[in-house]
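In the numbering used here, the protein residues as written are 149 to 237.
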């Protein structure tokens, strides 16, 4: 019986200790960043941010005018059309 009482007391002490440390004051947490950055819908390179982009997003592709991708030869598609048709990475 003495063992049972001491184990019960130990469990209660540990439970209260855990509860107070887990639900402690949140003022000790770090502040969140206030600076925001704007990122293009898919990525940051020219192949993602130009008005006309390669559907395969080849490195260095992309243009402000319609044409062909110099890497793979596919026709450029309008960036707005490319992202609005459900194409997401």
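All C-beta atoms in this analysis are idealised placements derived from N, C-alpha and C, irrespective of residue type, glycine included.
Buried/exposed call for residue i, threshold 16 Cβ in 10 Å
i	result
residue 208	exposed
residue 166	exposed
residue 196	buried
Straight-line gap, residue i to residue j (C-alpha atoms, nearest Å)
i	j	result
residue 224	residue 169	57 Å
residue 158	residue 164	10 Å
residue 213	residue 220	17 Å
residue 161	residue 155	10 Å
For residue i, the residue or residues it bridges with in DSSP
i	result
residue 226	200
residue 211	200
Own chain partners of residue i with C-beta closer than 6 Å, once the 5 adjacent residues on each side are dropped
i	result
residue 217	202, 206, 209
beta-carbon residue i near the ligand MG non-hydrogen atom, thresh 7 Å
i	result
residue 156	This structure does not include the ligand MG; it has no bound ligands of any sort.
Neighbourhood of residue i by C-beta, 8 Å cutoff - its chain only, sequence neighbours within 5 removed
i	result
residue 200	210, 211, 212, 213, 214, 215, 224, 225, 226, 227
residue 150	none
Where the alpha helix (DSSP H) containing residue i begins and where it ends
i	result
residue 159	150-170
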